[in-house]
Amino acid sequence: MTEIHTPRLLLRRWDEDDLPALADINADPDVMRWTGDGSVLDLEETADEIERWEEEWDEEGFGLFAVELLGSGELAGFTGLYVPEDQPELLPAVAIGWRLGRQFWGQGYASEAAHASLEFALQDRGLDRVLAIARVGDEASANVIRKLGMVPEKVTTDPRYGHQLAVHSIDLTEYAG
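Going left to right, the sequence shown walks through residues 1 to 177 as full-length UniProt numbering numbers them.
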């Protein structure tokens, strides 16, 4: 089982006990504001999400980690890697993503978890390039992307929802660890 420990976090695969906490995170309109069409997800949709992420782990050897606080054991959200199949013009590619519950914002958890996921991608999984895709205007995600050392690549349009998306990238030669 793949686990990554950071100073404050445990990044790990998903288990059934994570569903209620992630469903609470996905039910918050502020959390979901910049995701897809901005709609919240219910318990069943959240279960489907986790199932897809676990399938990606099995198929690709990487995926989205559950992010757990080491001190309390609380599920803070997720971070990790995914194939951005909903953005066909960017393929083939692997992207990094994250979503944390609102009570975990502003504490550096997203940057800490994303940094560990990027290191996992480039050093452990041997990927030579990783993207980050965020809606234009999502300054919190843009801040995490800057902290990762990713560089702007282009702006594109989400083919499903019509939003402008900022695409950033980093490759192994640019990664400082």
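C-beta atoms are modelled at their ideal positions from N, C-alpha and C, and glycine is treated no differently.
Residue range of the beta strand (DSSP E) that includes SER169: 164 to 171
Give, in chain order, every unbroken run of the alpha helix (DSSP H) that is at least 4 residues long and sits entirely within the stretch 38 to 114. 43 to 60
Does DSSP put VAL144 in a helix, a strand or coil? helix
If I follow the unbroken alpha helix (DSSP H) through VAL31, where does it start and stop? 29 to 32
What did DSSP end up calling GLU153 once you bin it into helix, strand or coil? strand
Could you tell me the distance, in whole angstroms, from the CA atom of GLU3 to the CA atom of THR79? 12 Å
Could you tell me which residues DSSP pairs with LEU11 in its beta bridges? ILE4 and VAL67
Following the continuous beta strand (DSSP E) through ALA132, name the residue where it begins and the one where it ends. 129 to 135
Where ALA76 and ARG12 are concerned, what is the direct C-alpha to C-alpha distance, given to the nearest angstrom? 12 Å
Taking only three categories from DSSP, how would you classify GLU119? helix
Ordered along the chain, which non-local residues of its own chain (more than five positions away) have a Cβ less than 7 Å from that of VAL31? ILE25, ARG99, GLY101 and ARG102
Span of the alpha helix (DSSP H) around ASP24: 19 to 26
Which of helix, strand or coil does DSSP assign to GLU16? helix
How long is the line joining the alpha carbons of TYR109 and GLU89, rounded to whole angstroms? 31 Å
Please name the residue, chosen from ILE170, GLY73 and ASP28, that lies closest to GLN123 on a Cα-to-Cα basis. ILE170
Alpha-carbon to alpha-carbon, ALA113 and PHE104: 12 Å
Measuring alpha carbon to alpha carbon, tell me which residue in ASP37, TRP53 and VAL144 is nearest ASP18. TRP53
Assuming VAL94 and LEU127 form a contact by the criterion Cβ under 8 Å, report the distance between their Cβ atoms to the nearest whole angstrom. 6 Å
Around the Cβ of THR46, are there at least 16 other Cβ atoms within 10 angstroms (buried) or fewer (exposed)? buried
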